[in-house]
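These protein sequences, in sequence, are chains A and B. Taken in order, the first sequence gives residues 1 to 308; the numbers are from UniProt numbering. Taken in order, the second sequence gives residues 1 to 308; the numbers are from UniProt numbering. Even glycine gets a Cβ: it sits at the ideal position worked out from N, Cα and C. For clarity, every value in this text was computed on a predicted model and none was experimentally measured. Everything on this sheet refers to the single structure shown next.
There are 2 protein chains.
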Amino acid sequence: MREISTAALQMGPIQKSESRAEVVARMISLLEQAHAAGAVFAVFPELTLTTFFPRWYVEDQAQVDQWFEAEMPGPHTAPLFARARELKIAMSFGYGELTPEGQHFNTSILTNREGEIIGKYRKVHLPGHSEYDPERAFQHLEKRYFLPGDLGFPVWRNLGGIMGMMICNDRRWPEAYRVMGLQGVEMVTLGFNTPSVNSQMSSEGPEDRLFHHRLSCQSGAYQNATWVVAVAKAGVEDGHSLIGGSLIVDPNGKIVAETKTEEDEMIVHHCDLEACNFGKSTIFDFKRHRRIEHYGLITQRAGAEPPD
Amino acid sequence: MREISTAALQMGPIQKSESRAEVVARMISLLEQAHAAGAVFAVFPELTLTTFFPRWYVEDQAQVDQWFEAEMPGPHTAPLFARARELKIAMSFGYGELTPEGQHFNTSILTNREGEIIGKYRKVHLPGHSEYDPERAFQHLEKRYFLPGDLGFPVWRNLGGIMGMMICNDRRWPEAYRVMGLQGVEMVTLGFNTPSVNSQMSSEGPEDRLFHHRLSCQSGAYQNATWVVAVAKAGVEDGHSLIGGSLIVDPNGKIVAETKTEEDEMIVHHCDLEACNFGKSTIFDFKRHRRIEHYGLITQRAGAEPPD
Chain A
1 MREISTAALQ MGPIQKSESR AEVVARMISL LEQAHAAGAV FAVFPELTLT
51 TFFPRWYVED QAQVDQWFEA EMPGPHTAPL FARARELKIA MSFGYGELTP
101 EGQHFNTSIL TNREGEIIGK YRKVHLPGHS EYDPERAFQH LEKRYFLPGD
151 LGFPVWRNLG GIMGMMICND RRWPEAYRVM GLQGVEMVTL GFNTPSVNSQ
201 MSSEGPEDRL FHHRLSCQSG AYQNATWVVA VAKAGVEDGH SLIGGSLIVD
251 PNGKIVAETK TEEDEMIVHH CDLEACNFGK STIFDFKRHR RIEHYGLITQ
301 RAGAEPPD
Chain B
1 MREISTAALQ MGPIQKSESR AEVVARMISL LEQAHAAGAV FAVFPELTLT
51 TFFPRWYVED QAQVDQWFEA EMPGPHTAPL FARARELKIA MSFGYGELTP
101 EGQHFNTSIL TNREGEIIGK YRKVHLPGHS EYDPERAFQH LEKRYFLPGD
151 LGFPVWRNLG GIMGMMICND RRWPEAYRVM GLQGVEMVTL GFNTPSVNSQ
201 MSSEGPEDRL FHHRLSCQSG AYQNATWVVA VAKAGVEDGH SLIGGSLIVD
251 PNGKIVAETK TEEDEMIVHH CDLEACNFGK STIFDFKRHR RIEHYGLITQ
301 RAGAEPPD
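Here it is, written out as structure tokens:
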């Protein structure tokens, strides 16, 4: 057994008016619950520190920058890191990253049990659009506020296992899982903020959105024989609803734990990394079965090109 | 609407002792049922014409070759093609292909409504092993009897849409769907022979096998916004059980029809290819969202290489 007792720490809604200090206090409370439940690893959502601001169209860059962190840890998040160090609990969470060069990314980090940042990931698959779209029920301006991630899909050794990160929409892209699978990943963490209704098709509501979410996490887990820990920011934020459905999925693709609310809520599972071995050495023993000579289009073209 | 009324024609078991003539008679009967139900496209399983022979270890190549077809159509299958032409029903089915050069492939073909073969696919992802394995509950010798497919994952225009084929284990590999998705595929057909118990883990029974089957077909359909028509050879063959669960999956990843038996059984659905458009133009508009600069490992390495 190589067990990582893992807590998925779902966050309820964060209103625009809520301060970083209020949010960090909630995070610390969840972290303490996770520690009390025996967890050594705590996973928080995408953009944990703020409301899901890509729903708002804002032209003033100074106003936009208030949703970003120029330092990590920074003044607001230092107490979170301090508490994690005291509790010896490793963690992952997402935030808006503003670099010294003025670049903006949708980022997540991974820490070890000493509270040191050992990994950083910047979201590659940005959904949505970059200009105000009057045809949508609400905006989804990730392509406006963020650059596509420039760090690829790295993995890190942590807590005795091999860990990778993705963020929200990445989970719908099998390429993201596979690049990590090809590095032997055993646990993928991902945070998400997923509107409960498709902004471009009002008939696609929360049931469908949860279905696609689960399908994407479960297939990624199964097809790479890895644990997947998917954590929502959920509930009604600024009048807009986000799905819950935080999940822990085993390397067989089965959901072993799922949240029941759209509030701050913890689920914990003892994730045995040895459970990855069967899949990785049989049906998904990539070296024996993958035929890369036939996969060329995957890296040759971004878009679809129908035949003549 | 660009509707293809499609029949998934599940075959019950085919015993080792059953003749090609008997099998083809069953296929023609199913084809007639499909035509009577208004279908213009009929999809049969993998290795439709014989028992799933990779479960048998045979050293005598002449005996092995009896499971293969040297011509298509050939003497046994000519009546099937003739009936399909009369009924003006296009079809896809799988068989063991023996080439003039003596190569063996696990192959499927696609015909148009005139009964002409317009596409051929040779299975790329061969599961199992090549030598007798005493540790398995039964053998799965696809790597012994077949060469890996050498035709890639092409697509063809047929019946007003863009069609591709895969076979059985291919459905577990998102690369297979994606290469076709990058050619705009709107309907993927696949036949399968899936043992009801994992030969290397007896606790993985039919429920798990059906779960993984559905998960793989549904995620492939959703993530490429394509119809998937998956057709089983099912039931107890030569004393060995194969799952049923033939499916028609819509481009949203939802199962719209599924067989209920492990016998010869038809399901039909009016597949509207226009239903692919929403996914292909929004969340899975590949050109806007895919970031091929980060997918390099997918084509650079076959096997997984954990970090140092």
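Within-7 Å CB hit, residue i to chain B
i, result
"phenylalanine 93 of chain A", "no"
"serine 219 of chain A", "yes"
"threonine 299 of chain A", "yes"
"histidine 125 of chain A", "yes"
"glycine 253 of chain A", "yes"
Beta-carbon proximity check, residue i vs residue j, cutoff 7 Å
i, j, result
"leucine 247 of chain A", "alanine 304 of chain B", "no"
"serine 92 of chain B", "glycine 38 of chain B", "no"
"leucine 80 of chain B", "isoleucine 28 of chain B", "yes"
"threonine 194 of chain B", "cysteine 276 of chain B", "no"
"alanine 34 of chain B", "alanine 42 of chain B", "yes"
"glutamate 265 of chain A", "glutamine 15 of chain A", "no"
"leucine 151 of chain A", "arginine 122 of chain A", "yes"
"threonine 299 of chain B", "threonine 77 of chain A", "no"
"tyrosine 132 of chain B", "tyrosine 57 of chain B", "yes"
"glycine 164 of chain A", "valine 197 of chain A", "no"
"alanine 137 of chain A", "serine 203 of chain A", "no"
"glycine 245 of chain B", "leucine 210 of chain B", "yes"
"aspartate 272 of chain A", "glutamate 86 of chain A", "no"
"leucine 141 of chain A", "proline 54 of chain A", "yes"
"alanine 176 of chain A", "phenylalanine 153 of chain A", "yes"
"threonine 189 of chain A", "valine 229 of chain A", "yes"
"alanine 82 of chain B", "arginine 113 of chain B", "no"
"glycine 119 of chain A", "leucine 126 of chain A", "no"
"valine 23 of chain B", "leucine 47 of chain B", "no"
"valine 155 of chain A", "alanine 8 of chain A", "no"
"glutamate 71 of chain B", "tyrosine 95 of chain B", "no"
"lysine 143 of chain B", "glycine 128 of chain B", "yes"
"isoleucine 167 of chain B", "serine 108 of chain B", "yes"
"proline 148 of chain A", "valine 179 of chain A", "no"
"proline 75 of chain B", "proline 174 of chain A", "no"
"glycine 220 of chain A", "glutamate 262 of chain A", "no"
"alanine 257 of chain B", "isoleucine 267 of chain B", "yes"
"lysine 280 of chain B", "alanine 302 of chain A", "no"
"threonine 51 of chain A", "aspartate 238 of chain A", "yes"
Contacts that residue i makes with chain B (C-beta to C-beta distance below 9 Å)
i, result
"glutamine 223 of chain A", "Arg172, Trp173, Pro174, Leu215, Ser216, Ser219"
Residue-level contact to chain A via CB, residue i, 7 Å cutoff
i, result
"arginine 178 of chain B", "yes"
"glycine 152 of chain B", "yes"
"alanine 302 of chain B", "yes"
"valine 43 of chain B", "no"
Listed by chain order, chain B residues near residue i by CB distance under 7 Å
i, result
"isoleucine 4 of chain A", "Simply none; closest approach about 16 Å."
"phenylalanine 278 of chain A", "Met201"
"histidine 212 of chain A", "Tyr222, Gly253"
Chain A contact residues for residue i, given Cβ-Cβ distances below 8 Å
i, result
"isoleucine 109 of chain B", "Per Cβ cutoff of 8 Å: no residues; isoleucine 109 of chain B is ~18 Å from chain A at best."
Within chain A, partners of residue i - CB distance below 7 Å
i, result
"valine 228 of chain B", "Correct list: empty, because the minimum Cβ distance to chain A is about 13 Å."
"arginine 157 of chain B", "Pro307"
Contact set between residue i and chain B, taken where Cβ atoms lie within less than 8 Å
i, result
"isoleucine 162 of chain A", "Pro306, Pro307"
"proline 148 of chain A", "Arg291"
"arginine 105 of chain A", "What sits at residue 105 of chain A in the sequence shown is phenylalanine, not arginine. Simply none; closest approach about 13 Å."
Chain A contact residues for residue i, given Cβ-Cβ distances below 9 Å
i, result
"glycine 244 of chain B", "The contacting residues do not exist; glycine 244 of chain B stays about 20 Å from chain A at best."
"glycine 296 of chain B", "Gly152, Val179, Thr299"
> Taking a cut of 9 Å between CB atoms, which residues from the segment 280 to 294 of chain A lie near chain B?
Replying inline: Within the segment 280 to 294 of chain A, the residues whose Cβ lies closer than 9 Å to some Cβ of chain B are Lys280, Thr282, Ile283, Phe284, Asp285, Phe286, Lys287, Arg288, His289, Arg290, Arg291, Ile292, Glu293, His294, listed in chain order.
>> Output needed in chain order: residues of the segment 180 to 201 of chain B with a Cβ under 7 Å from some Cβ in chain A.
In response: Only Gly181, Leu182, Gln183, Gly184, Gln200, Met201 from the segment 180 to 201 of chain B bring a Cβ to less than 7 Å from some Cβ of chain A.
> Can you list, in chain order, the stretches of the beta strand (DSSP E) that have 3 or more residues and sit fully within the segment 248 to 275 of chain A?
Replying inline: Given a length threshold of 3 residues, each whole run of the beta strand (DSSP E) inside the segment 248 to 275 of chain A is given here in chain order: 255 to 258, 265 to 272.
> Can you list the beta strand (DSSP E) stretches of 3 or more residues lying completely in the segment 97 to 155 of chain A, in chain order?
Replying inline: If one requires a minimum length of 3 residues, the beta strand (DSSP E) runs lying completely within the segment 97 to 155 of chain A are 104 to 111, 117 to 122, in chain order.
> Given a limit of 7 Å on CB to CB distance, which residues of the segment 49 to 70 of chain B reach chain A?
Replying inline: Answer in chain order: no residues at all.
>> Suppose only complete runs of 4+ residues qualify. What are the alpha helix (DSSP H) ranges in the segment 148 to 192 of chain A, listed by chain order?
In response: Counting whole runs of 4 or more residues, the segment 148 to 192 of chain A contains the alpha helix (DSSP H) stretches 174 to 181.
> Which parts of the segment 36 to 80 of chain A are runs of the beta strand (DSSP E), unbroken and 3 residues or longer, counting only runs that do not cross its ends?
Replying inline: Segments of the beta strand (DSSP E) lying fully in the segment 36 to 80 of chain A: 41 to 43.
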